[in-house]
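Take a look at the structure below.
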Amino acid sequence: MNPYEKKRRWKFFLLVFAIVIGAASVFYSDFFVKKMEREERLQFELYVKVTEQSFDMYDDDRYTGMIDLIRTNNKLPVIMTDANDEIIGYQGLDSTKTYYNVDDNKVENYDPQYFARQLRIMKKQHPRIPITGLDGKRWYIYHKDTPTLTQLRYFPYIQLGVIALFLLTAYVAFSSARKAEQDQVWVGMAKETAHQLGTPISSLMAWVELIKSRFNAEEDPLIAEMENDIKRLEIITDRFSKIGSKPIVEDHVVHTVISNFVEYFRLRTSDKIIFQIIGDDQVRALLNVPLFDWVTENLLKNA
């Protein structure tokens, strides 16, 4: 099997596995939320029944304590209103909004805006339950989900978001590590190429010196151009050997560096191409000449 195809299949299987885990998490959380909803619904129905019975048995000492205990232990956020929707009682709401301390004694602090906001939330979440007293008066009980149930509803999505963020971070980290490893391989190959080129270039230099001495060709223009080409090969080898390392820059006259390269490049291009260097011939800059020549060469070839 093609290694790239194998790698692609592994990515596909991992993606499917991640989707299955996410779907299972959402399904289980939804099952758990629905179970809690049923339990809270039963608690609320019990609270309503106990409250309704309290009107009939309030004077019976045998049941009053039990009724108060059941109502006190109920933690559901509840608001009771009269027929005109005026709040006459509440339970399980934020104590910091409903009470304040005065001389270490708790005094009821009715906050109309807070209670009105809570009542609107309860009306949207669940239908009200009517209660009729012995005298025929009607009251209504509203309730909303507990903070725990509300948090559980959003928990699977937060969990999926965290998992997705973790997977994305891991993917970026592994991709960066893989790219860095590939870069190191390319750097190693470039340095090895430079090392391999060193031997034949040295041999060419020796052959040129041998030709010059044997045929008395020190002034031959062809030999001079051969030497220029060999120097060019040395520069290219030096470029490869410096890949991956920090370049060393020195102060140079920019016009002179460009002129030297253009002069070499001019002899190896068509006579129909005219080169002109326009600019201040006194400008100096910190340059790495082999790398700067490389940039100049690419600009000229792609012009």
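Counting from 1, position 293 in the sequence shown corresponds to residue 278 in our numbering; the numbering is continuous, with no gaps.
Virtual Cβ for every residue (Gly too), placed ideally from N, Cα, C.
From this set, the options, which residue's C-alpha is nearest residue i's C-alpha?
i: K109; options: A270, Q181, Y127 and F260; result: Y127
i: I215; options: P232, I233, S188 and T241; result: S188
i: N303; options: V247, I262 and V5; result: The shown model of the chain, from -14 to 288, leaves out residue 303, and the question about it has no answer.
i: E30; options: K129, E71 and V5; result: K129
i: V33; options: T133, P112, L0 and F(-3); result: P112
i: K(-4); options: A9, L152 and T184; result: L152
i: V18; options: L119, I233, T135 and V193; result: T135
i: V11; options: I106, F140 and L0; result: F140
i: A9; options: E194, Y142, K286 and F260; result: Y142
Between residue i and residue j, which are expected to be in contact by the criterion C-beta below 8 Å, what is the C-beta distance as a whole number of angstroms?
i: Y75; j: F100; result: 7 Å
i: P294; j: R123; result: Residue 294 lies beyond the residue range present for the chain, which begins at -14 and ends at 288; the question has no answer from this structure.
To the nearest angstrom, report how far apart residue i and residue j are at their CA atoms.
i: I243; j: Q144; result: 60 Å
i: R269; j: S161; result: 38 Å
i: V238; j: D265; result: 10 Å
i: D15; j: T36; result: 31 Å
i: M21; j: K60; result: 13 Å
i: E235; j: R253; result: 28 Å
i: K290; j: V157; result: Residue numbering for the chain in the displayed model covers -14 to 288; residue 290 lies beyond these limits and cannot be assessed.
i: L276; j: F2; result: 49 Å
i: L137; j: Q167; result: 45 Å
i: I55; j: E24; result: Unreliable positioning characterises I55 in this predicted model, as indicated by a pLDDT of 46, which lies under 50. A coordinate reading is not provided.
i: T154; j: Q169; result: 22 Å
i: G7; j: V147; result: 11 Å
i: G77; j: V63; result: 6 Å
i: E210; j: R217; result: 10 Å
i: H240; j: R(-7); result: 52 Å
i: D278; j: S198; result: 32 Å
i: I263; j: V274; result: 19 Å
i: I73; j: Q38; result: 18 Å
i: T66; j: L27; result: 21 Å
i: P185; j: W192; result: 10 Å
i: N245; j: R251; result: 10 Å
Is any non-hydrogen atom of the ligand GDP found closer than 8 Å to the C-beta of residue i, if you look at the structure I gave you?
i: D278; result: Because no ligand of any kind appears in the structure shown, any question about the ligand GDP cannot be addressed here.
Meets three-Cβ-pair contact criterion under 8 Å: the region 205 to 223 and the region 179 to 192
yes
Between the region 200 to 209 and the region 225 to 232, do three or more beta carbon pairs fall short of 8 Å?
no
Segments assigned beta strand (DSSP E), at least 3 residues, entirely inside the region 202 to 259
235 to 238
Which runs of the beta strand (DSSP E) at least 3 residues long sit entirely within the region 74 to 158? Give them in chain order.
84 to 87, 90 to 93, 114 to 117 and 123 to 128
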